[in-house]
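Asker:
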Amino acid sequence: MMNTMNILNINSFSNEKVKYVIKLKEKRFRDRERKFVIEGFRELSKAHLSGKIKFDTLYTSPECFLGVNETELIKNINTKTIELPRKIFEKISYRDRPDGLLAVAETPDFGFDYEGDKKGSVFLIIEGVEKPGNLGTILRTADGAGVSAVFVTDARIDLFNPNVIRASTGTVFTLPTYIAEIEKLIEYFKRYKVQVIALSPEGKKSYLEPNYKTRTALLFGNEQYGLSPHAKEHADTLVSIPMQGESDSLNLAMSCGILVYEVLRQKMQGK
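Under the working numbering, read the sequence shown as residues 690 to 960, first letter to last.
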């Protein structure tokens, strides 16, 4: 049970604890402090469920609550809690319509150690992603399609950017997600007989052609520049998505969704 004596009420915008949360909007400050922000009922629920996150402080504003389960979640998280009036909570929130729950947590180590065979049948490798919304949407889609794990390599963004967490609806915590190096990762998958299929406009095969029943790692490149030369050279197969109009490519998150659901379709139909 939560210790109700551990709740602090703050009513000033100039309070140092309020200023601290606002500073965590800056990546440089997050990196220095090794702390990050998780906001929202769904996101906090998944972070708590994962068991991977060590919470530092929970900020609440009952005036903003949207449901009836917030109090139970606060009890379950069971960390020092600061209660704020709506006007101050809106100041620290990253959202236009906050739901009254935000936590500061210690940044976990999501590094991949390359030791032992990572169990699973389908993996995603996302190389050089720049847009947090794309990465979050990819994680959410991967979770829905039953992807075994997601590997983020050479990212231009922070994996714990608040917009990644929000767009993923918290699946960044529950879906096995790792930070890795592309060279080591491709070598790792080849060692364990996982085919690496990369999406590229240069691919001569349609994404519909490969047999995805065997263990597969799907590799996607940067939104603007695509795959690195190393990724294109060392992938087992390059595939492309046929384009019928004037555009030469699709949004990264949409491309990921198309391929992972083709993998799921094949598995469900027993191709």
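Glycine included, every Cβ here is placed at the ideal spot set by N, Cα and C. Note that this is a predicted model, so its numbers are computed, not measured.
1) Count the other CB atoms, across all protein chains shown, that sit within 10 Å of the CB of N861; report buried if there are 16 or more and exposed otherwise.
2) Taking K776 as the reference, which of M932, I699, K893, Y950 has the closest Cα?
3) Between the alpha carbons of N823 and R845, how many angstroms are there, rounded?
4) With S750 and F778 assumed to form a contact (beta carbons below 8 Å), what rounded beta-carbon distance in angstroms separates them?
5) Can you give me the C-alpha to C-alpha distance between T716 and V726, rounded to a whole angstrom?
6) Taking 8 Å as the threshold, find out whether the region 826-845 comes into contact with the region 939-950 through three or more Cβ pairs.
7) Quick one: is F812 buried, meaning 16 or more other Cβ sit within 10 Å of its Cβ, or exposed?
8) Sort out for me which residues DSSP pairs Q884 with in a bridge.
9) Assuming contact is defined by CB atoms lying nearer than 7 Å, are L773 and E728 in contact in what I supplied?
10) Name the residue from P890, K712, I854 whose alpha carbon lies nearest to the alpha carbon of K820.
11) Using C-beta distances below 6 Å, list every residue in its chain close to G892, excluding the 5 sequence neighbours before and after it, in chain order.
12) Please state if the CB of T866 and the CB of V839 are separated by a distance shorter than 7 Å.
13) If we call anything under 7 Å between Cβ atoms a contact, is L848 one with A887?
14) Any contact between the region 906-921 and the region 866-882? By contact I mean 3 or more CB pairs, one from each, below 8 Å.
15) Start and end of the beta strand (DSSP E) containing S929?
16) Spell out the partners DSSP gives F744 in its beta bridges.
17) Can you give the Cα-Cα distance for A924 and L733, rounded to whole angstroms?
18) Name the two residues that bound the continuous beta strand (DSSP E) containing N698.
19) Around the C-beta of E876, are 16 or more other C-beta atoms found within 10 angstroms, so that it is buried, or is it exposed?
20) Could you check where the beta strand (DSSP E) with F801 kicks off and where it finishes?
21) Roughly how many angstroms lie between the CA atoms of I711 and L762, to the nearest whole one?
22) Tell me which residues share the same chain as R784 and place their Cβ nearer than 7 Å to its Cβ, disregarding the 5 neighbours each side in the sequence.
Answerer: On the basis of the data shown:
1) A small correction: the amino acid at residue 861 is Val; Asn does not occupy that position in the sequence shown. Buried, because 16 or more other Cβ atoms sit within 10 Å of the Cβ of V861.
2) Of M932, I699, K893, Y950, the residue nearest in Cα terms is I699.
3) Cα to Cα, N823 sits roughly 12 Å from R845.
4) Contact flag correct, Cβ pair sits at about 4 Å.
5) A quick correction: the sequence has Lys, not Thr, at residue 716. CA-to-CA, the gap between K716 and V726 works out to about 11 Å.
6) Touching, yes.
7) Classified as buried, F812 has 16 or more neighbouring CB atoms from the shown chains inside 10 Å of its CB.
8) T905.
9) Taking 7 Å as the Cβ cut-off, L773 and E728 do not qualify as a contacting pair.
10) Closest option to K820, Cα to Cα, is I854.
11) Only L927, V928, S929 meet the Cβ criterion.
12) Less than 7 Å separates the beta-carbon of V839 from that of T866.
13) No, the Cβ-Cβ distance between L848 and A887 is not below 7 Å.
14) Touching, yes, given that three or more Cβ pairs across the two stretches are closer than 8 Å.
15) Residues 926-929.
16) Under DSSP, F744 forms a beta bridge with A794.
17) In this model, A924 and L733 are separated by some 37 Å (Cα to Cα).
18) Counting along the chain, the unbroken beta strand (DSSP E) around N698 starts and ends at 696-698.
19) Exposed, since its Cβ has fewer than 16 Cβ neighbours within 10 Å.
20) From DSSP, F801 is part of no beta strand (DSSP E); its letter is neither H nor E.
21) Approximately 23 Å between the Cα atoms of the pair.
22) Same-chain partners within the cutoff: E728.
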